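In my numbering, the protein residues as written are 887 to 1162.
Quick reminder that beta carbons are idealized off the backbone N, C-alpha and C, glycines included.
What you are looking at is a predicted structure, and each value in this text was computed from that prediction instead of being measured.
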């Protein structure tokens, strides 16, 4: 079963340092693409700067998806994984920042990465350093190859704390859940929403007696609240369009609140003159 941690521990660090590569995932607020980039040579490019801070050298490539996405919204996820009978995956969720090569802090940060890593951190054509502030660490079982099957036949393994049978193939684990009539309860507990609280499996939501209209509205409001700059721009643009249409005579805007204020002032002035 996936486990979550607030920061990296020694086991996480040992696992990370043992992997030959890692993957970086990022996405824009809106668009057609979700980016996943493999990163090799972690001994020369990746450093753990603290329990909640890691950094890696970003090499020059044909695109700059990660850099663009981090500049826009900061969201970034790193994935480390191993195969074999002890398969495991480790994800680092957090917010990144870009330190480009021309930045005055670039060389200082690279030197710190080298001292923390214990190796020379350098790669030809490095264009930036991506620094990740870790908000959450997730560990879970990964993919493995069953003994006795041909190389390349990957099989998913389940490793759940609530199962006394220990690690087994994902299909075997699901079959037992179905036999015990426990699969729906598992989905109800684990599949009703995403890590960000977004609505998930409809069947699981129904099992929780969720009101779809209310929950979907709450999810929409969360999305809008995270894009306050877009909302502010839309409101401002709406006012600007109304003013332009009013100036060209296409519509007539009656500022009633100003009228009420002026009338109130006239009454006050009238009462003042009457007293005189």
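query	result
Ends of the beta strand (DSSP E) at residue 962?	961 to 968
Where does residue 912 sit, in a helix, a strand or coil, going by DSSP?	strand
Hey, could you find the ends of the beta strand (DSSP E) residue 1020 is sitting in?	1012 to 1027
Between the C-alpha atoms of residue 1167 and residue 1123, what's the straight-line distance to the nearest angstrom?	This structure leaves residue 1167 out entirely; the chain is present only between 887 and 1162.
Would residue 890 pass as a contact of residue 985 if the rule is Cβ separation under 8 Å?	no
What would DSSP say about residue 985, mapped onto helix, strand or coil?	strand
For residue 891, name the three-state secondary structure that DSSP assigns.	strand
Quick one: what does DSSP say residue 923 is sitting in, helix, strand or coil?	strand
Less than 8 Å between the CB atoms is what I'm expecting for residue 953 and residue 1018, so what's the real figure, rounded?	That pair is no contact at about 13 Å.
What residue from 917, 931, 918 has the CA that sits closest to residue 902's CA?	931
Just grab the DSSP bridge partners of residue 940 for me.	934, 1018
I'd like to check one pair, residue 981 with residue 949: are the Cβ atoms closer than 8 Å?	no
Does the beta-carbon distance from residue 945 to residue 1009 come in below 8 Å?	yes
Residue ranges of each alpha helix (DSSP H) run of no fewer than 4 residues wholly in the region 1056 to 1098, ordered along the chain?	1056 to 1065, 1069 to 1076, 1088 to 1093
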